[in-house]
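Position 6, counted from 1, in the sequence shown is what the numbering used here calls 4; the numbers after and before it change by one each time, with no gaps. Worksheet for the structure shown next.
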Amino acid sequence: MLRFDFLEARNLRHAIALLQRHGNDSRVVAGSTDFLVRWRQGFWRPAAVVNLKGIASLGRISFSPRNGLRLGALATVQSVESNAHIRRRYQALATGATSFAGVQVRNLATIGGNVCNASPAGDTLPALLAFDAQCTIAGPQGTRTLPLTEFFLGPGRTALEQGEVLTQLTLPAPMPRTGSLYIKHSPRGAMDIATVGVASVVTLEEDGRTCRDARIALGAVGPTPFRATEAENLLRGRTLTPGLLGQAAQAAEAAAKPIDDVRGSAGYRRAMVEALTTRTLQHALQMASGRAVTFEEQRRLAVQTAF
């Protein structure tokens, strides 16, 4: 069994100091759900593990119309799923959280851990991208802010530098007449890694027909989760007809660069991108148009195991 020093950070400054002291031989943990798997398999071999779980200030969730949603990096995925503000205003994020593993894992796993894991298939990541999340990062040189679109550098690779810690994610408050949804396709539902994940956010103009803004983010079909910007541009400023939604879905499919693996071929994944983009846009449009959708209905829509 590989051994390491387990270090409890008393506060954020202490955590940064510990990371500086141990350099590249250290690794940060919070919920530890992914760390334990990779450590036992020998993929991660740190000499020191810095535990952030005791820093209570990093677990807060708050919302205001002016400042938007603020997610402390140690907020659990379960607390994200159950938060009333998130369910009401950030439906795609709530459904991304509810499709994340089982409830036991959601009670341990943190939103910051899911982001810093930088898995292309992370369930909360497409929704965070679609809501224009900003990362607050603390390190030896102070605090900096980085768009989440620039945070992911590759599978398991992020823009965090030595000694830096992700402390918070900030999402702007959605505009009126906004709806959103995340759908994950996987062989075994929420208990399996996504074969494809799509989050769509739609905002309508006052006329209730014209698209004011649209954002589409894809997971598990590239080396990182990413925004389908060409598909988004097709929708902005136009009346959202079924035909136009189909064109956007095809543009999203064209942007996907999946690989073949045990969960699905590249061709199958591309086809699922088109299907899921269409579905998420349709449901987001319905919500933006004022149709009330209960969270239980959103939960049912969020995980698709068959087509």
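Even for Gly, the Cβ is constructed at its ideal location relative to N, Cα and C.
- Taking C-beta atoms under 8 Å as the contact rule, Y180 and P124 qualify, at a distance of about 6 Å.
- Residue state for D32 is assigned as helix, using DSSP reduced to three classes.
- Rounded to the nearest whole angstrom, the CA to CA distance from P256 to S263 is 8 Å.
- Counting only residues of its own chain and dropping the five nearest sequence neighbours on each side, Q280 has no CB closer than 6 Å to any other CB.
- In its chain, beyond the 5 residues on either side, A92 and F293 have a beta carbon closer than 7 Å to the beta carbon of R85.
- Non-local beta-carbon contacts of P145 in its own chain, meaning distances under 7 Å to residues more than five positions away in sequence, involve Q132 in chain order.
- For Q102, the enclosing alpha helix (DSSP H) stretches over residues V101 to R104.
- Between the alpha carbons of D121 and D3 lies a gap of roughly 31 Å.
- Contact between P185 and T193 holds, with the beta-carbon distance rounding to 7 Å and staying under 8 Å.
- Close CB contacts of T278 within its chain, under the 6 Å cut and outside five residues either way in sequence, are with L179, I181, V196 and S198 (chain order).
- DSSP, reduced to helix, strand and coil, places Q76 within a helical segment of the structure shown.
- Within the same chain, and ignoring the five residues on either side of F150 in sequence, the residues whose Cβ sits closer than 6 Å to its Cβ are A116 and T222.
- Within its own chain, the residues whose Cβ lies closer than 7 Å to the Cβ of N81, once the five positions on either side in sequence are excluded, are I59, listed in chain order.
- Note that the C-beta distance between T165 and I135 is below 9 Å.
- Linking V27 to A218 through their CA atoms gives a straight-line distance of about 24 Å.
- Burial check for N105: the Cβ neighbour count within 10 Å stays below 16, so the residue is exposed.
- Secondary structure note for E295: its alpha helix (DSSP H) is the uninterrupted segment F293 to A300.
- Cβ-Cβ separation between G111 and D32: approximately 7 Å, consistent with a contact (criterion under 8 Å).
- Here R289 is not bridged, per DSSP, to any residue.
- Where R43 is concerned, there is no enclosing alpha helix (DSSP H), because DSSP gives it neither an H nor an E.
- Of all alpha-carbon atoms in H12, P174, L126 and V113, the one lying nearest the alpha-carbon of P153 is that of V113.
- Considering only P240, T239, L283 and A215, the residue with the shortest C-alpha distance to E230 is A215.
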